[in-house]
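Chemist: Numbering (UniProt numbering), first residue to last: 1 to 207. Beta carbons are placed, not taken as given, at the ideal position from N, Cα and C, and that holds for glycine. Treat the numbers as computed from the prediction; the structure is a model and nothing was measured. Shown below is the structure under consideration.
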């Protein structure tokens, strides 16, 4: 009889992107390569990445450091707004701030993002069928990392907002049978030298 085993989900925001988002900066390429070196010993079954150039290039540079791990491009691992909360769902003191932030979402993002987010939960979370633990890497964007961390913590759907992740930072979630999901590490940048951490963030957030 086939049982269930533990899934280890490794989540990575892409490396630093160029201003026109056509690919990675030199620092972004270094970030991706260093992360790949850190992950070299993990027995990944697959690497999933979003379709945009900055995610695809990050995944390929990481993949260059791994041992023949297949890369799979997936719209589900892309850059989208996973959930659009109403004002009544948000804390009163921050509702205006978040609603202004979300006002920039296009009609297409509002329509398609939540469906992709539900697919991400179906594809990337929970224990796996079989007897062997499974390690999967998803190279994606800040919003999806935040959405999956929020889900693992059983936080309200709006709470993906405000969970920010750095370029090439590593988050790992463990999904063991018959146990709640566990966030093992979050936004971890120990593989990066100081000058490659917190790229794109204001100085007051450089912890």
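1. Note down, one range per segment and in chain order, each beta strand (DSSP E) of at least 3 residues found wholly within the stretch 32 to 107.
2. Have a look at the DSSP bridge pairing and note the partners of residue 252.
3. Is the stretch 44 to 52 touching the stretch 24 to 33, taking contact as three or more C-beta pairs under 8 Å?
4. Distance, Cα to Cα, residue 138 vs residue 95?
5. Give the C-beta separation of residue 124 and residue 79 to the nearest angstrom, bearing in mind that I take them to be a contact with Cβ-Cβ under 8 Å.
6. Assuming residue 66 and residue 34 are in contact, meaning their beta carbons sit under 8 Å apart, how far apart are those beta carbons, in whole angstroms?
7. Please tell me whether residue 45 and residue 165 are closer than 9 Å, where the distance is taken between their beta carbons.
8. Considering only residues of the same chain and omitting the five flanking positions on each side of residue 192, which have a CB-CB separation below 7 Å?
9. In the DSSP assignment, find the beta strand (DSSP E) that holds residue 187 and state where it starts and stops.
10. By the three-class DSSP mapping on this structure, what secondary structure does residue 196 have?
11. Using a Cβ-Cβ cutoff of less than 7 Å, which residues in the same chain neighbour residue 186 once the five nearest sequence positions on both sides are dropped?
12. Less than 9 Å between the beta carbons of residue 16 and residue 194, yes or no?
13. Per DSSP, which one or two residues make a beta bridge with residue 170?
14. With the cut-off set at 9 Å, would you say residue 146 and residue 163 are in Cβ contact?
15. Buried or exposed: which applies to residue 106, given that a residue is buried once 16 or more other Cβ atoms fall within 10 Å of its Cβ?
16. Would you call residue 118 buried or exposed, if buried means 16 or more other Cβ atoms sit within 10 Å of its Cβ?
17. Give the straight-line distance between the Cα atoms of residue 87 and residue 114, rounded to the nearest whole angstrom.
18. Give me the Cα-Cα distance between residue 207 and residue 159, rounded to the nearest whole angstrom.
19. Where residue 36 and residue 11 are concerned, what is the direct C-alpha to C-alpha distance, given to the nearest angstrom?
20. Would you mind sorting residue 152 into buried or exposed? The rule is 16 or more other CB atoms within 10 Å of its CB.
Modeler: Result, derived from the coordinates:
1. 44 to 49, 71 to 73
2. The chain is shown only over 1 to 207; residue 252 falls outside these bounds and no answer can be derived.
3. no
4. On the chain shown, residue 138 is found 138 positions in, with the first residue counted as 1. On the chain shown, residue 95 is found 95 positions in, with the first residue counted as 1. Their backbone Cα atoms lie some 30 Å apart in a straight line.
5. On the chain shown, residue 124 is found 124 positions in, with the first residue counted as 1. On the chain shown, residue 79 is found 79 positions in, with the first residue counted as 1. Going by Cβ atoms, the distance from residue 124 to residue 79 rounds to 15 Å, so no, they are not a contact pair.
6. Indexing the chain shown from 1 puts residue 66 at position 66. Indexing the chain shown from 1 puts residue 34 at position 34. Residue 66 to residue 34, Cβ: 13 Å. No contact.
7. Counting from one through the chain shown, the residue named residue 45 turns up at place 45. Counting from one through the chain shown, the residue named residue 165 turns up at place 165. Taking 9 Å as the Cβ cut-off, residue 45 and residue 165 do not qualify as a contacting pair.
8. Counting from 1 along the chain shown, the entry for residue 192 is found at position 192. Same-chain partners within the cutoff: 31, 34, 168.
9. Reading the chain shown from its first residue, position 187 is the one you call residue 187. From DSSP, the beta strand (DSSP E) with residue 187 extends over 182 to 188.
10. For this step, residue 196 is matched to residue 196 along the chain shown. Residue 196: helix per DSSP, three-state reduction.
11. Translated into the one-based positions of the chain shown, residue 186 becomes position 186. Excluding sequence neighbours, residue 186 sits near 149, 171.
12. For the purposes of this step, residue 16 is identified with residue 16 of the chain shown, where counting begins at 1. For the purposes of this step, residue 194 is identified with residue 194 of the chain shown, where counting begins at 1. No, the pair does not count as a contact, with Cβ atoms beyond the cut-off.
13. Residue mapping note: residue 170 aligns to position 170 of the chain shown, counting from 1. Residue 170 is bridged to 12, 188.
14. Taking the chain shown and counting its residues from 1, one reaches residue 146 at position 146. Taking the chain shown and counting its residues from 1, one reaches residue 163 at position 163. Against a cut-off of 9 Å, the Cβ pair of residue 163 and residue 146 comes out as a contact.
15. Along the chain shown, read from residue 1 onward, the residue named residue 106 stands at position 106. It counts as exposed.
16. The sequence position of residue 118 within the chain shown is 118, counting from 1. Residue 118 comes out exposed.
17. As a position in the chain shown, residue 87 is number 87, starting the count at 1. As a position in the chain shown, residue 114 is number 114, starting the count at 1. Going by the C-alpha atoms only, they are around 17 Å apart.
18. Taking the chain shown and counting its residues from 1, one reaches residue 207 at position 207. Taking the chain shown and counting its residues from 1, one reaches residue 159 at position 159. Each residue's alpha carbon lies about 22 Å from the other.
19. The residue given as residue 36 occupies position 36 in the chain shown. The residue given as residue 11 occupies position 11 in the chain shown. Looking at the two C-alpha atoms, the distance is approximately 13 Å.
20. Mapped onto the chain shown, residue 152 falls at position 152. So residue 152 counts as buried.
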